[in-house]
Amino acid sequence: MPFPLAHPAAVLPLLRHPFVPSALVAGALAPDLLYIGPLYTFATRHINGNLTLTLTHEFSSAFWLDPLLALLALLVYQLILRRPLVALAPPSLAGRFAVAERPSVLWTVVSLFLGGLTHVVWDSFTHGDGYFVQHWSFLSTSITPAWDVNRVLQYVSSIGGVLAIAIYLVFWWRRTTARPVGDGLAPAARYGVLAAACILALAFAVVSVRRAAADSDDLVGEAVVRFALSGLASGAVAALVLYVLVWQVLRLRRT
């Protein structure tokens, strides 16, 4: 599948009024949210074994399941994650985030839906069981014994998406101005949190690859990268959860 964090590239043209940027991004990420370590285990074992690989990527899910997942992610971000993340960011970055106005409920729902739809459409060209891969034989054409067109598109579109996001962020940085912000972490605390997050992410990556290698005799190349990236993502999420919990507890103690 395409790199999950590349998916917001599809909503970049919509990041303007009246759409809600945070809802668009949440929607674009929603179908892959359950790939995160513990969430994946819980979802596939206790809800539905096909919840991630098939159910969240069906066209019908873009009209109900994916918007619900996106709404849940958006609420978690706005109510729990946003303030700690802004506090963690350096002032030059934190000061560029606009004070959020209360968005229209209608346009929030529309944005959640459109974001999820872009994800499903994108993956329908790159998943082996995607709608367009199944209906357009060209996308299943073999380029090498191990690679067909849709698999190549996974990597090409992932790289293109990440580059598009990077370019957008460069222009966003140039056209915005940082405003004074308070309630941020001291530089030493900020660097400590980021260092701990990197260490935890690397540890998760090593454990993920070692576990996969123990279960397979021929774990090489792409598979190693895939398990390493999965471990990095899980470790980063674990570090984020720990940081947010500590930040929220300290905030409550100060009030």
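If you use the numbering used here, the sequence shown closes out at 1418, no skipped numbers anywhere. Even glycine gets a Cβ: it sits at the ideal position worked out from N, Cα and C. Since the model is a prediction, treat every value here as computed from it, not as a measurement.
- Of the residues assessed, Pro1247 falls on the buried side of the cut-off, its CB having 16 or more other CB atoms within 10 angstroms.
- Excluding its 5 nearest sequence neighbours in each direction, Leu1348 has C-beta neighbours in its own chain below 8 Å: Ala1250, Leu1251 and Val1356, listed in chain order.
- Residue pairing for Ser1305: DSSP places it in a beta bridge opposite Asp1311.
- Under the DSSP assignment, Phe1295 falls in the alpha helix (DSSP H) whose first and last residues are Tyr1294 to His1298.
- Ser1224 and Leu1218 have their C-alpha atoms spaced approximately 7 Å apart.
- Spatial neighbours of Trp1335 in its own chain (CB-CB distance under 7 Å, excluding positions within 5 residues in sequence) are not present.
- Of the candidates Leu1302, Ser1320 and Val1319, the residue whose Cα lies closest to the Cα of Val1312 is Leu1302.
- Under the three-state reduction of DSSP, Arg1342 is assigned to coil, being neither helix nor strand.
- Comparing alpha-carbon positions, the option among Arg1245, Trp1227 and Ile1328 lying closest to Ala1173 turns out to be Ile1328.
- Per DSSP, Thr1219 lies in no alpha helix (DSSP H) and is assigned neither H nor E.
- A straight line joining the alpha-carbon of His1298 with that of Thr1418 spans about 59 Å.
- Listed in chain order, the non-local C-beta contacts of Leu1231 below 7 Å within the same chain number zero, local neighbours out to five positions each way being set aside.
- Taking the C-beta atoms as reference points, Pro1184 is found no nearer than 9 Å to Gly1258.
- In the assembly as shown, Tyr1354 is an exposed residue. Its beta-carbon has fewer than 16 other beta-carbons within 10 Å.
- Within a 10 Å sphere around the beta-carbon of Val1412 sit fewer than 16 other beta-carbons, which makes this residue exposed.
- Annotation: Ser1300 to Leu1332 spans about 37 Å, alpha carbon to alpha carbon.
- Around the beta carbon of Thr1339, a 10 Å sphere encloses fewer than 16 other beta carbons of the protein chains shown; the residue is thus reported as exposed.
- Residue environment: Pro1167 is assigned as buried (16 or more neighbouring CB atoms within 10 Å of its CB, all protein chains considered).
- A check of alpha carbon separations from Ser1274 across Pro1194, Leu1326, Gly1190 and Glu1221 identifies Gly1190 as the nearest.
- Selection Gly1278, Tyr1240 and Ser1320 evaluated against Leu1177 yields Gly1278 as nearest (Cα-Cα).
- In the displayed model, Arg1417 falls within a helix according to three-state DSSP.
- The C-beta distance from Leu1395 to Ala1364 rounds to 5 Å, short enough to fall under 8 Å.
- Between the beta-carbon of Val1372 and that of Phe1390 there is about 5 Å, and that keeps the pair under the 8 Å contact cut.
- Nearest to His1290 by alpha-carbon distance, out of Pro1181, Tyr1198, Leu1316 and Phe1226, is Leu1316.
- Here Leu1357 carries a helix assignment [DSSP, helix/strand/coil].
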